[in-house]
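Start counting the sequence shown at -4; every next residue gets the next number (the working numbering). Even for Gly, the Cβ is constructed at its ideal location relative to N, Cα and C. All of these numbers come straight from a predicted model, not from anything done at the bench.
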Amino acid sequence: MVIGEKVNYVIILVLGSIISFSYIPLFEINSILSPVLYCSMALLLAINYKSFIENIFKHRFIMMILLVMLSYLLTVKIFLPDVNFGDIRSYIIGILLFFIINSMNLAKNKKISLLLVFCIINITTSFIIILQSYNGNYAVAIENIGVYFFVRKNQFSPLLLMSAIYLLYRYIYISKNSIYLILFLMCTINLVIIQSRTNLIALFLAALLLIFVLIKSKLKTSYGISQLFFFVALLIVLFAYNSEKVNQIVGDAFRLDYIQYSGKDSFIDNLTSGRISSLQSSLNIFIENPIFGGFYQSQVISEDPSSPVGLHNIWLRLLIYGGLTYFILFLILLITLYKYYYRSIKSNVLLLSVTIAGFVMSFAEPYAPFGPGTSYFMYWLILGFYIEFNSNNGLAKNNEVTLKAVGRIDPQIKITKRIFYEQN
């Protein structure tokens, strides 16, 4: 590797490691997370400024909208200095991080090794969090699925989710090595223990897409599929000795007791963690100022004043806090961004799976998937790395995994047995 490439590798490795480890309560390094993120982005930008400038000229309209959004925030900040635009700022940072990652000078094999290293780091972090919470007893953690898990699960779980999707993709499309499947199952089980319901749903849909495209394709991977189903069946058999326990695990993983947070004793409020109450309370803010929203000057809470429950939906947060003005600007930005990369995303099963998972999360989490380079670091890393693969290697000739099987791409594009290995 050249010096610039080595520095890129080290910066991303250090940044991703600190992001993951910052969610371990024992380390207490969350306070340095933002400075590390900003410094890392600045260093990467300085090292890759030439390719970043080329990206700017490629995406002039996108960058123009970003500048308009930043100008809008600065103007509001001048006249309303007490306003906190925390999450809107995070959305912009996340998208900027994507452009920086997409502009990096890094070999394909180094990108793949980074993703695999981060998968292992995220799994390790999840085990540390769980073991620390249950005094080192993993069996007790499994027994207590459904008991509220007092960690920043909504912030950490997306890292584990993207790791699980990537590991499953590596196993069924790239390599039949069982280690990928074992790591994937570790991710899934730990997501269940941590009780991140939205991420579990997103993982389920992404896994269905990955398996469906594989089955419909003409690649000879029947061995991998049969092995996958074998491990899944084995996992079910392990729990089958006690059907009541299985029902409890499934039920508790998706339906927790949030009465103390929701302020209500209804099923819907328990199921949604009091988010329905939050929505009802926050609508008053939007009604008062639909054009510019609430400017984050009011705390959105549930009917229980002692238990604030924020809006866990990126679209509602933009609409209620930023008003129609910022909501429309953000929609234009996203439509332009995804339209530009539409061909890459629809033609690559990994990119499509990650994108679908991100949008599923966006309807139940406050930042997903466009938030800061912390919770959604793996999201931007996968998109930045794999979109760059396609743009550099010729999309129409060297697709890694196409969706020809479901009629989403030009039938003239051929799928070959070796295409997975050539791209990776």
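According to DSSP, simplified to helix, strand and coil, what is residue i?
i, result
"Leu306", "coil"
"Ser191", "coil"
"Tyr443", "What the structure shows of the chain is the stretch from -4 to 419, and residue 443 is not part of that stretch, so it cannot be assessed."
"Ser108", "helix"
"Phe47", "helix"
"Phe365", "coil"
"Ala159", "helix"
"Asn149", "helix"
"Met99", "coil"
"Ile115", "helix"
"Tyr371", "coil"
"Gly289", "coil"
"Leu186", "helix"
"Leu21", "coil"
"Asn139", "coil"
"Asn279", "helix"
Just to confirm the assignment, what range does the alpha helix (DSSP H) spanning residue i have?
i, result
"Tyr4", "-2 to 16"
"Phe358", "Here Phe358 belongs to no alpha helix (DSSP H), and DSSP marks it neither H nor E."
"Leu39", "28 to 42"
"Lys72", "55 to 74"
"Lys171", "From DSSP, Lys171 is part of no alpha helix (DSSP H); its letter is neither H nor E."
"Ile340", "337 to 342"
Might you give, ordered along the chain, the residues of its own chain that have their beta carbon closer than 6 angstroms to the beta carbon of residue i, omitting 5 neighbours on each side?
i, result
"Gln150", "Ser370"
"Phe325", "Leu313"
"Phe122", "none"
"Ser108", "none"
"Gly(-1)", "Ile42, Asn100"
"Ile13", "Val31"
"Leu10", "Ser35"
Here's a check: name, in chain order, each residue in its chain whose Cβ is nearer than 7 angstroms to the Cβ of residue i, leaving out the five neighbours to either side.
i, result
"Ile51", "Met58"
"Ser152", "Leu186, Ile189, Ser191, Asn194"
"Pro285", "Gly318, Leu319"
"Leu205", "Leu163, Tyr164, Ile167, Val344, Ser348"
"Ile137", "Ile188"
"Thr411", "The predicted model places Thr411 with a pLDDT of 37, which falls under 50 and marks its position as unreliable; any figure quoted below should be read in that light. So the list is empty, once near-sequence residues are dropped."
"Ile327", "Ile60"
"Phe287", "Gly318, Thr320"
"Cys182", "Ile118, Leu155, Ser158, Ala159, Leu162"
With a cut-off of 8 angstroms on the beta carbons, I'd call residue i and residue j a contact; round off their distance for me.
i, j, result
"Leu32", "Ile6", "11 angstroms between Cβ atoms; not a contact."
"Ser424", "Gly366", "The chain is shown from -4 up to 419; residue 424 falls before or after that span and cannot be answered."
"Ile196", "Ser158", "Between Ser158 and Ile196 the Cβ distance is about 17 angstroms, and since that is not below 8 angstroms, they are no contact."
"Ile377", "Leu345", "7 angstroms"
"Ile160", "Val349", "6 angstroms"
"Ile83", "Tyr336", "With a Cβ gap of about 22 angstroms, Ile83 and Tyr336 do not count as contacting."
"Leu180", "Val355", "Contact flag wrong, Cβ pair sits at about 21 angstroms."
"Ile124", "Tyr133", "Not really, about 12 angstroms apart at Cβ, beyond 8 angstroms."
"Ser339", "Leu154", "With a Cβ gap of about 23 angstroms, Ser339 and Leu154 do not count as contacting."
"Thr331", "Ile60", "7 angstroms"
"Tyr4", "Lys103", "At roughly 12 angstroms, the Cβ-Cβ gap does not stay under 8 angstroms, so Tyr4 and Lys103 are not in contact."
Near residue i, which residues of its chain fall below 8 angstroms by C-beta distance, leaving aside the five closest residues on each side in sequence?
i, result
"Gln127", "Ile19, Pro20, Leu21"
"Ser357", "Asn308, Ile309, Trp310, Ala363, Pro364, Phe365"
"Ile351", "Ala197, Leu200, Ala201, Leu204"
"Asn139", "Tyr129"
"Glu360", "Asn149, Pro153, Thr193, His307, Asn308, Ile309"
"Leu8", "Leu109, Val112"
Contact criterion: CB-CB distance below 7 angstroms. Does residue i meet it with respect to chain C?
i, result
"Ala197", "No chain C is part of this structure, which consists of one protein chain only."
Stretch pair the stretch 25 to 32 + the stretch 49 to 65: three plus CB contacts closer than 8 angstroms: The count of Cβ pairs closer than 8 angstroms, one atom from the stretch 25 to 32 and one from the stretch 49 to 65, stays below three, leaving the stretches out of contact.
Inter-stretch contact at 8 angstroms, needing at least 3 Cβ pairs: the stretch 310 to 318 / the stretch 160 to 179: Cβ pair count under 8 angstroms is below three, so no.
Any 3 or more C-beta pairs closer than 8 angstroms across the stretch 43 to 50 and the stretch 89 to 98: Yes, they touch.
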